[in-house]
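In what follows, a structure is listed as structure tokens, so that the remarks can point back to it.
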Amino acid sequence: MFKNLKLGTKLILVGSIVLIIPIAVVGWLSISKATKGLTEIENEQLMGVTKTLAQAVQLALTGEMKVVRDLAVGSTTVKSLAAVASSGAQASASEIADLNKFEAFSKTEGLKDNSQVVLAFDRQGTAIASSDPKYIGVSFADRGYFKDALAGKANIGEVALNKVTGLPFVPIAAPVMSTDGRVVGVVANILDIGYLCDLIAGAKIGKTGYAFMTDKDGITIAHPDKTNILKLDMKTLEGMEEISKKMIAGQSGVESYTFKGVAKTAGFAPVGLTGWSICLSLPDAEFLAQATAVRNIVLVVGVISFAAAFLVFFIFARYISTGIRKGVDLATHVSQGDLTATIDIDQKDEIGQLADALRTMMERLRAIVGDVHSAADNVAAGSEQMSSTAEQMSQGASEQAAAAEEASSSMEQMAANIRQN
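The opening position of the sequence shown corresponds to residue 14 in the working numbering, with each subsequent residue numbered one higher.
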């Protein structure tokens, strides 16, 4: 099929293929390299920011834990709870009063700003001292953080939502040890973690990327949309099943997923002290916007380059094919016996040389035809002369035949006369 195409079409087709292949290859390499590079950079950024947030939360909670531990080993705290453990609350009223007057329960740096309430419990879980008097006498014996602290383990409890402020809080508890090493009570700081939520919610990456934090069960405890706090379960979100499993397992990494039809990439890292996990999510279309821009530029440049090259090939192909077509037309006229045809090409390239050769051929053909015509005329003149001579010879022969007939007649008469005589 290709060999049956016209020369101009072949030139345009081959030129277009030769041009479009390198443009396509370069464009594909540029886009793939840009996409890969941006993906690697974004993954590093997601992982870096997520780990930074996790470390910030870890440091904040470590600081809060240190404050509670310091409070638990304070002399006033140890003395008061040891007295209650040995003599009972009624017999230790003066020591409890001293503890309630202790400034640590209301004014200590690290407690007064983010603390909802600071509590001291006896071994039965009853609050005997508090920064807020309304909690005194309330039993917290069923709280997990109290039980762990009573067992001698300083801990951070489960996150819950304050019904008044609507902000999450978390209890931090530490055991109070007597001088002989017995656990005589528990000190707890009910910490308002709204500032941690603000830290997480305020973390931004790109224009629409956001961060959130979950507890060890996958329940959201910090989110830019406060209505999701302690209500959104990561495990139930379609598309995030694998990420939620890894977050609950305390793993860190970067994963791609699709949420509500939108392709996204998320970085996640654990908060080791609590088992919480922080996730930072960003739509792929956003961090690949530069790759998309590169793709668009490559497409525009490719289309413009191809159009310009196609125009050049088209003009060049017509330039070549027009000269060749004129030569073909001249040869066609010659094949039909028309030696008056001419070729109007004035070029110095190979097509011009072909045109000069065709013109020279035409001139020689005309000369040859002229010579043939002249020879034909001479032959015709000689033929006429030969015809005239033949006629004359024919006439002479006729005359001789007539004379011979007359002689024969005379001879017959003579013969008759002789026979008569």
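We put the beta carbon where it would ideally sit given N, CA and C, even for glycine.
Going by the beta-carbon positions, is the gap between K339 and I328 smaller than 8 Å? no
Exercise. Tell me, please, which residues DSSP counts as bridged to C210.
Key: None, per the DSSP bridge assignment.
| query | Does the distance from the C-beta atom of F134 to that of G198 stay below 8 Å? | reply | yes
Just to confirm the assignment: which complete beta strand (DSSP E) runs, minimum length 3, are found wholly within the segment 37-92? none
Q: Please list, in chain order, all residues of the same chain as G231 whose beta carbon is under 8 Å from its beta carbon, the five residues on each side excluded.
A: D246, M247, K248, S257, M260 and I261
Could you check which residue in A186, T139, P35 and P181 has the C-alpha nearest to that of L84?
A186
task = List the whole-angstrom C-beta distance separating W289 from D228, where the pair is believed to meet the contact cut-off of C-beta under 8 Å.
result = Between D228 and W289 the Cβ distance is about 6 Å, and since that is below 8 Å, they are a contact.
Simplified DSSP state of Q442, which is helix, strand or coil: Residue 442 cannot be examined here, being either before or after the span of the chain that is shown, 14 to 434.
* Would you kindly work out how many angstroms separate the C-alpha atoms of R377 and A394, rounded to a whole number? => Going by the C-alpha atoms only, they are around 25 Å apart.
Q. Which whole-angstrom value describes the C-beta separation of I213 and P181, a residue pair presumed to lie in contact below a C-beta threshold of 8 Å?
A. The Cβ separation is near 11 Å, so there is no contact.
**OP:** Consult DSSP for L132 and reduce its assignment to one of helix, strand or coil.
**Re:** strand
Which same chain residues end up closer than 8 Å to M60 when comparing Cβ atoms and leaving out the 5 residues on each side of it in sequence?
S265, G266, V267, G280 and A282
Straight-line Cα distance separating A201 from T139
12 Å
Cβ neighbour criterion (16 or more within 10 Å) applied to P184:
buried
On the three-state DSSP scale, how would you describe K339? helix
What first and last residue would you give for the alpha helix (DSSP H) that runs through F159?
-> G157 to L163
- Message: Which of the three DSSP states is assigned to F329 in this structure?
- Response: helix
Rounded to whole angstroms, what is the Cα-Cα separation between V27 and A354? Cα to Cα, the separation comes out at about 34 Å.
Worksheet item: Relative to the C-alpha of Q137, which residue among V130, S152 and Q129 is closest?
Response: S152
query: Under three-state DSSP, which class holds I310?
result: helix
**Asked** What residue range is occupied by the uninterrupted beta strand (DSSP E) comprising E268?
**Response** Looking at the DSSP string, the run of the beta strand (DSSP E) that includes E268 is G266 to F272.
Original post:
In its own chain, which residues sit with a C-beta less than 7 Å from the C-beta of A344, not counting the 5 before and 5 after it?
Top reply: none
Could you please give the first and the last residue of the uninterrupted alpha helix (DSSP H) stretch that includes K114? A106 to K114
- Query: Unbroken alpha helix (DSSP H) runs of length 4 or more, entirely within the segment 210-253: which are they?
  - Reply: Entirely contained in the segment 210-253, not one alpha helix (DSSP H) run reaches 4 residues.
Could you pull out every residue in the same chain whose Cβ sits closer than 7 Å to the Cβ of A154, ignoring the five residues on either side in sequence? Q137 and G138
### Message
In the DSSP output, which residue or residues are listed as bridge partners for V284?
### Response
W289
Report the three-state DSSP secondary structure of G198 (helix, strand or coil). strand
Quiz item: Taking just the CA atoms, how far does T335 sit from G365?
Solution: 12 Å
Which value, in whole angstroms, describes the spacing of the CA atoms of L312 and G40?
8 Å
- prompt: By Cβ distance below 6 Å, which residues in the same chain neighbour V284 in space, the five residues on each side in sequence not counted?
  reply: The beta carbon of V284 lies closer than 6 Å to those of A67, V70 and Q71 in the same chain, with the five residues before and after it left out.
Task: For G123, the three-state DSSP class (helix, strand or coil) - done: Interpretation of G123 is limited by its pLDDT of 48, a score under 50 that renders its predicted location unreliable; no figure is taken from the coordinates.
### Query
Whose C-alpha, out of V385, V80 and G222, is nearest the C-alpha of V62?
G222
- What number of angstroms, rounded off, separates the C-alpha of D351 from the C-alpha of R379? Between D351 and R379, the C-alpha separation is close to 10 Å.
Measuring CA to CA, which of I141, L371 and F159 is closest to A104? I141
Between the CA atoms of S99 and T233 - distance to the nearest angstrom: 43 Å
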